[in-house]
Amino acid sequence: MSRTANPATLPRHIAITMDGNGRWAAERGLARPAGHKAGLEPVRLCVRECARLGVEALTLFAFSSENWSRPAEEVASLMG
């Protein structure tokens, strides 16, 4: 990410749909929860950078109602 931001062009609100971690894990022969865990650090980096740059609001869409139909182990890993 850029180390500086132009306040005139900086968005006030950024929304991110977190998707694909389970597929990422499956492509590597890993369990889906391993993909969710691997996605944590990029999310942390994004949150820190948005705060540093002065983004007023950050929305992370991480779990939809359809996700409740996933295996119990996967849902439990997502809920921490």
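In the working numbering, the protein residues as written are 34 to 113. Backbone N, C-alpha and C fix where the C-beta goes; we use that ideal spot for every residue, glycine too.
Excluding the 5 residues preceding and the 5 following residue i in the sequence, name in chain order all residues of the same chain whose CB lies nearer than 7 Å to its CB.
{"i": "residue 59", "result": "65"}
For residue i, which of the options has the nearest alpha-carbon?
{"i": "residue 93", "options": "56, 41, 73", "result": "73"}
{"i": "residue 106", "options": "84, 89, 55, 83", "result": "55"}
{"i": "residue 98", "options": "86, 87, 89, 111", "result": "111"}
Is DSSP giving residue i helix, strand or coil here?
{"i": "residue 91", "result": "strand"}
{"i": "residue 105", "result": "helix"}
{"i": "residue 48", "result": "strand"}
{"i": "residue 61", "result": "coil"}
Please classify residue i: is it buried, with 16 or more other beta-carbons within 10 angstroms of its beta-carbon, or exposed?
{"i": "residue 46", "result": "exposed"}
Is residue j closer than 7 Å to residue i when the C-beta atoms are compared?
{"i": "residue 95", "j": "residue 51", "result": "yes"}
{"i": "residue 86", "j": "residue 41", "result": "no"}
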